[in-house]
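Heads up: the sequence lines are chains A, B and C, in that order.
Here the first sequence is numbered in my numbering, starting from 40 and rising by one per residue.
Here the second sequence is numbered in my numbering, starting from 40 and rising by one per residue.
Here the third sequence is numbered in my numbering, starting from 40 and rising by one per residue.
Glycine included, C-beta positions come from ideal geometry on N, C-alpha and C.
Contents: one structure, followed by commentary.
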Amino acid sequence: MNEPSLPIAFLSDFGLVDEFVGVVHGVVARVAPEVRVIDVTHQVRRGDVRAGALALLRAVQYLPPGVVLAVVDPGVGTERRGIAASTPWGSFVGPDNGLLAPAVAMVGGAQRIVSLENPRFRLPGDGVTFDGRDVFAPAAAVLASFQATLDDLGPDIPAESITPLLLPLAEVGDNVVRGEVWWIDGYGNAETNVAPDDLRALGLDVGDAVAVGIGSVTRVMVWRLGYGESGELGVVNVDSYGMVAVAVPGGRADEAFGLSAGVPIGFGKPAG
Amino acid sequence: MNEPSLPIAFLSDFGLVDEFVGVVHGVVARVAPEVRVIDVTHQVRRGDVRAGALALLRAVQYLPPGVVLAVVDPGVGTERRGIAASTPWGSFVGPDNGLLAPAVAMVGGAQRIVSLENPRFRLPGDGVTFDGRDVFAPAAAVLASFQATLDDLGPDIPAESITPLLLPLAEVGDNVVRGEVWWIDGYGNAETNVAPDDLRALGLDVGDAVAVGIGSVTRVMVWRLGYGESGELGVVNVDSYGMVAVAVPGGRADEAFGLSAGVPIGFGKPAG
Amino acid sequence: MNEPSLPIAFLSDFGLVDEFVGVVHGVVARVAPEVRVIDVTHQVRRGDVRAGALALLRAVQYLPPGVVLAVVDPGVGTERRGIAASTPWGSFVGPDNGLLAPAVAMVGGAQRIVSLENPRFRLPGDGVTFDGRDVFAPAAAVLASFQATLDDLGPDIPAESITPLLLPLAEVGDNVVRGEVWWIDGYGNAETNVAPDDLRALGLDVGDAVAVGIGSVTRVMVWRLGYGESGELGVVNVDSYGMVAVAVPGGRADEAFGLSAGVPIGFGKPAG
Numbered sequence: 040m041n042e043p044s045l046p047i048a049f050l051s052d053f054g055l056v057d058e059f060v061g062v063v064h065g066v067v068a069r070v071a072p073e074v075r076v077i078d079v080t081h082q083v084r085r086g087d088v089r090a091g092a093l094a095l096l097r098a099v100q101y102l103p104p105g106v107v108l109a110v111v112d113p114g115v116g117t118e119r120r121g122i123a124a125s126t127p128w129g130s131f132v133g134p135d136n137g138l139l140a141p142a143v144a145m146v147g148g149a150q151r152i153v154s155l156e157n158p159r160f161r162l163p164g165d166g167v168t169f170d171g172r173d174v175f176a177p178a179a180a181v182l183a184s185f186q187a188t189l190d191d192l193g194p195d196i197p198a199e200s201i202t203p204l205l206l207p208l209a210e211v212g213d214n215v216v217r218g219e220v221w222w223i224d225g226y227g228n229a230e231t232n233v234a235p236d237d238l239r240a241l242g243l244d245v246g247d248a249v250a251v252g253i254g255s256v257t258r259v260m261v262w263r264l265g266y267g268e269s270g271e272l273g274v275v276n277v278d279s280y281g282m283v284a285v286a287v288p289g290g291r292a293d294e295a296f297g298l299s300a301g302v303p304i305g306f307g308k309p310a311g
Numbered sequence: 040m041n042e043p044s045l046p047i048a049f050l051s052d053f054g055l056v057d058e059f060v061g062v063v064h065g066v067v068a069r070v071a072p073e074v075r076v077i078d079v080t081h082q083v084r085r086g087d088v089r090a091g092a093l094a095l096l097r098a099v100q101y102l103p104p105g106v107v108l109a110v111v112d113p114g115v116g117t118e119r120r121g122i123a124a125s126t127p128w129g130s131f132v133g134p135d136n137g138l139l140a141p142a143v144a145m146v147g148g149a150q151r152i153v154s155l156e157n158p159r160f161r162l163p164g165d166g167v168t169f170d171g172r173d174v175f176a177p178a179a180a181v182l183a184s185f186q187a188t189l190d191d192l193g194p195d196i197p198a199e200s201i202t203p204l205l206l207p208l209a210e211v212g213d214n215v216v217r218g219e220v221w222w223i224d225g226y227g228n229a230e231t232n233v234a235p236d237d238l239r240a241l242g243l244d245v246g247d248a249v250a251v252g253i254g255s256v257t258r259v260m261v262w263r264l265g266y267g268e269s270g271e272l273g274v275v276n277v278d279s280y281g282m283v284a285v286a287v288p289g290g291r292a293d294e295a296f297g298l299s300a301g302v303p304i305g306f307g308k309p310a311g
Numbered sequence: 040m041n042e043p044s045l046p047i048a049f050l051s052d053f054g055l056v057d058e059f060v061g062v063v064h065g066v067v068a069r070v071a072p073e074v075r076v077i078d079v080t081h082q083v084r085r086g087d088v089r090a091g092a093l094a095l096l097r098a099v100q101y102l103p104p105g106v107v108l109a110v111v112d113p114g115v116g117t118e119r120r121g122i123a124a125s126t127p128w129g130s131f132v133g134p135d136n137g138l139l140a141p142a143v144a145m146v147g148g149a150q151r152i153v154s155l156e157n158p159r160f161r162l163p164g165d166g167v168t169f170d171g172r173d174v175f176a177p178a179a180a181v182l183a184s185f186q187a188t189l190d191d192l193g194p195d196i197p198a199e200s201i202t203p204l205l206l207p208l209a210e211v212g213d214n215v216v217r218g219e220v221w222w223i224d225g226y227g228n229a230e231t232n233v234a235p236d237d238l239r240a241l242g243l244d245v246g247d248a249v250a251v252g253i254g255s256v257t258r259v260m261v262w263r264l265g266y267g268e269s270g271e272l273g274v275v276n277v278d279s280y281g282m283v284a285v286a287v288p289g290g291r292a293d294e295a296f297g298l299s300a301g302v303p304i305g306f307g308k309p310a311g
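Take a look at the structure:
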């Protein structure tokens with residue numbers, strides 16, 4: 040193996056029942072047999088671009104430098120572009136719908152973005168488009184194996200013309216931080232868009248009681264380093280990705296408190 | 040790594056809950072550590088040979104030449120044979136129950152078929168048979184790593200003695216094409232066994248209205264290049280594998296029209 | 040690739056929806072790009088250490104010698120230790136909660152066990168612990184790639200101080216063997232902790248009628264080599280891992296007989 044090659048990290052909403060993920064692996068292996076593909080997850084909720092973008096954002100710092108191939112693409116078959124972006128970390132390939140934007144920003148921003156228009160690096164197909172297979176997989180494979188560069192894939196497009204992903208920012212007030220739930224993990228823990236420093240700005244710290252407002256209900260929970268002790272109704276902690284989260288010791292916070300992605304949540308000092 | 044080796048593409052109905060898929064990967068890695076295994080899918084419906092055969096048929100053209108290892112095997116433990124077939128594309132290993140037949144035919148047909156009877160290439164086991172692990176995985180691994188050839192695996196069997204898979208053909212009449220649903224993908228799109236040329240034979244083309252008969256109901260849909268526009272009840276298109284399909288813009292055709300694999304469907308020119 | 044490296048076999052209860060499995064693969068690839076990771080399964084029931092230990096026990100004999108990375112860890116964030124054990128087969132990395140114990144015993148027992156305390160081989164993190172990512176994955180990666188030895192990972196701990204997994208033994212009486220169900224596989228077959236020799240000790244053999252007691256009901260089934268014939272209510276057989284099991288020809292034994300992991304089951308000679 041004298042050819043250098045980079046690994047591809049592959050994320051999608053294809054699910055694992057159909058053969059779509061296997062077919063994309065096959066296309067990569069045909070183009071670039073030596074390239075390794077790491078499956079990040081393929082069970083992003085169908086068409087949920089924000090959920091896919093957040094999963095990629097959480098994962099990217101743990102992935103080996105190389106190429107990200109991400110496909111959550113409810114607009115497939117419409118006019119939306121396919122893009123490849125180069126960053127200080129490596130390359131990103133996927134639809135221009137905001138999916139890549141937060142991870143690209145986290146690793147330092149795009150140095151250059153091209154529109155995937157060169158037919159030489161597309162598989163032919165005369166039915167409805169399956170761009171994951173026919174456009175994005177070949178582009179990722181040739182980039183990972185240095186068979187092509189961004190120059191070869193298509194024309195430059197200005198960074199400001201690509202579709203951003205508007206992630207809601209937490210609102211830090213004098214007495215309360217208002218944010219929302221970003222993600223419920225498989226254990227039922229609720230990650231929010233609130234950073235620990237936002238709580239510290241209110242004078243709160245680990246060990247303190249925190250008023251947690253969900254809907255019209257405010258509950259007092261303790262800010263724990265871990266998941267707390269059995270018997271606690273719920274705890275506030277910082278999750279393994281560094282964001283403020285709500286957990287239930289030995290249980291599921293989503294079920295206990297009616298939390299799901301997008302639900303508003305507030306944190307403050309308990310009254311009195 | 041001086042030894043040449045081919046990739047294995049692995050499809051099964053083992054599911055991903057039990058450790059079966061991992062064990063097969065382990066067996067391959069013990070026999071041939073350098074061989075790469077691509078998982079096509081392992082969530083073929085349990086024992087559904089036709090669904091497995093169709094998934095393999097769709098996938099094979101996108102897989103790197105090498106060895107296909109396919110196991111959907113409701114007859115495990117009965118007299119059915121295990122076989123390996125060589126084709127212009129590569130080798131196929133699996134049960135002789137029709138699973139391999141359509142994909143083998145698509146890549147040019149079997150040049151030679153053997154019955155997997157050589158005990159040297161089987162793992163010993165004294166319980167009920169797990170041929171995926173004990174027979175098919177070792178055979179695929181030695182073929183992929185050139186440790187053995189078909190000659191070594193067992194005696195030749197005549198191509199006409201193997202079990203075919205009878206895939207229903209669409210019936211093209213003067214005014215109507217009668218076919219059936221082959222596959223519902225994870226997005227709810229319904230692929231049929233009707234080819235676009237069958238519709239063209241009726242004088243239909245992209246942009247035309249098409250009468251679609253399902254059960255006792257006939258609906259008029261437009262033949263679209265893509266998934267159509269929100270608001271359309273349903274559309275006819277050619278899916279990414281090149282077959283005529285029925286889709287619902289932003290929705291699921293299976294739910295909207297009561298479609299599932301095997302349901303008869305007819306296409307014709309609208310009356311009047 | 041001049042560096043030698045061993046494969047990692049990875050088992051967890053992370054599921055495949057979140058990006059956790061992909062992130063662990065990413066961490067391994069960052070530390071040791073050349074190491075291959077085989078996924079055994081990631082759908083062990085959440086927090087079910089015994090189910091994970093049994094899956095690993097069944098799988099280990101089929102895995103290539105190397106490193107096992109196993110994470111079913113309901114005690115994450117508590118005082119339980121992370122450990123690495125060397126055995127004649129290879130190394131095992133995971134939580135000290137009994138998960139590794141049966142597989143370690145099966146491959147010859149631990150030659151040495153260390154506590155994973157060296158911060159050099161941990162990823163930093165200031166939120167709740169995700170030891171699979173931050174502790175176990177890096178340890179497995181450096182062992183598999185020979186970048187470190189057990190000496191480097193932490194202090195020795197005595198084998199007798201680690202947490203065992205108490206697997207219930209079958210009780211062989213004069214006329215009956217009392218055991219329990221260990222595992223329901225995806226096809227509904229019920230594996231027990233009874234060995235075929237336990238039945239033979241009662242004078243039973245393949246082809247004999249066997250009285251099978253589940254709850255207050257005793258049914259007579261035949262000990263079959265395979266899954267039996269359609270029409271049989273149920274059969275006793277030896278499963279592909281060599282343990283006595285109960286199956287229903289063409290059906291599911293779990294549903295037919297109310298079996299699940301942990302349910303007591305007895306085998307004896309039929310009366311009369």
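Between valine 287/C and glutamate 271/C, the C-beta gap is smaller than 9 Å, which places the two residues in contact. If you look at aspartate 190/A, you'll find it in the alpha helix (DSSP H) that goes 189-192.
According to the DSSP assignment, glutamate 294/A belongs to no beta strand (DSSP E) but to the alpha helix (DSSP H) extending over 292-296. Across the structure, glycine 114/B and aspartate 165/A are spaced so that their CA atoms are roughly 38 Å apart. Counting the other CB atoms within 10 Å of its CB gives glycine 133/C a total of 16 or more, which places it among the buried residues. The C-alpha of phenylalanine 131/C lies about 34 Å from the C-alpha of glycine 273/A. Bounds of any alpha helix (DSSP H) do not take in arginine 151/B; it lies within the beta strand (DSSP E) bounded by 151-154. For a cut-off of 8 Å, the C-beta gap from glutamate 156/A to proline 197/A is around 15 Å, too long to register as a contact.
Scanning its chain for C-beta atoms nearer than 7 Å, with the 5 sequence neighbours on each side dropped, one finds around leucine 189/B the residues Ala123, Ser125, Arg151, Val153, in chain order. For chain B, none of the residues of the segment 216-244 of chain A brings a beta carbon within less than 9 Å of one of its beta carbons. For chain C, none of the residues of the segment 116-128 of chain A brings a beta carbon within less than 8 Å of one of its beta carbons.
Contact with chain C is absent for phenylalanine 175/B, since none of that chain's Cβ atoms lies less than 9 Å from the residue's Cβ. Interface annotation, threonine 188/C: not in contact with chain A, CB-CB separation never under 9 Å. Counting along the chain, the unbroken beta strand (DSSP E) around phenylalanine 49/B starts and ends at 47-51. Residue-level contact by beta carbon holds for aspartate 278/A and chain C, with a gap shorter than 9 Å. Closest option to arginine 239/A, judged by alpha-carbon separation, among Gly54/A, Arg159/A, Asn276/A: Asn276/A.
Under the DSSP definition of a beta bridge, proline 134/A partners with Gly121/A. Closest by C-alpha distance to valine 66/C, out of Asp236/C, Gly105/C, Phe160/C, is Phe160/C. Residue contact with chain C for arginine 97/A: present (Cβ-Cβ distance below 9 Å to some residue of chain C).
By a beta-carbon distance limit of 8 Å, leucine 50/C does not contact glycine 105/C. Their separation comes to about 13 Å. Rounded to the nearest angstrom, the Cβ distance from glycine 61/A to glutamine 82/A is 15 Å, too far for a contact under 8 Å. Note on the segment 210-291 of chain A: whole alpha helix (DSSP H) runs with a minimum of 4 residues are 235-239, in chain order. Contact with chain C is absent for proline 134/A, since none of that chain's Cβ atoms lies less than 9 Å from the residue's Cβ. In the DSSP secondary-structure assignment, leucine 108/B is bridged to Phe49/B, Val132/B. Taking C-beta atoms as the reference points, threonine 80/A and alanine 92/A fail to come closer than 9 Å.
Using a CB distance cut-off of 9 Å, proline 141/C does not count as an interface residue toward chain B. Around arginine 217/A, the same chain offers Glu210, Gly305 as residues with beta carbons nearer than 6 Å, after the five sequence neighbours per side are excluded. Within the DSSP bridge table, the entry for isoleucine 196/B names no partner.
The Cβ atoms of isoleucine 223/B and alanine 300/B lie closer than 9 Å to each other.
Comparing alpha-carbon positions, the option among Gly289/A, Leu138/A, Val245/A lying closest to valine 283/A turns out to be Val245/A.
Arginine 172/C is classed as buried because its beta carbon has at least 16 other beta carbons within 10 Å across all chains shown.
Closest in alpha carbon position to proline 309/C, among Phe169/C, Val76/C, Leu241/C, is Leu241/C. For valine 63/B, there is no enclosing beta strand (DSSP E); the residue is found in the alpha helix (DSSP H) stretching over 59-70.
Taking 9 Å as the cut-off, the Cβ atoms of proline 103/A and alanine 178/A do not count as close. Exposure of arginine 84/C is indicated by the presence of fewer than 16 other C-beta atoms within 10 angstroms of its C-beta.
The alpha-carbon separation between isoleucine 201/A and leucine 139/B amounts to approximately 45 Å.
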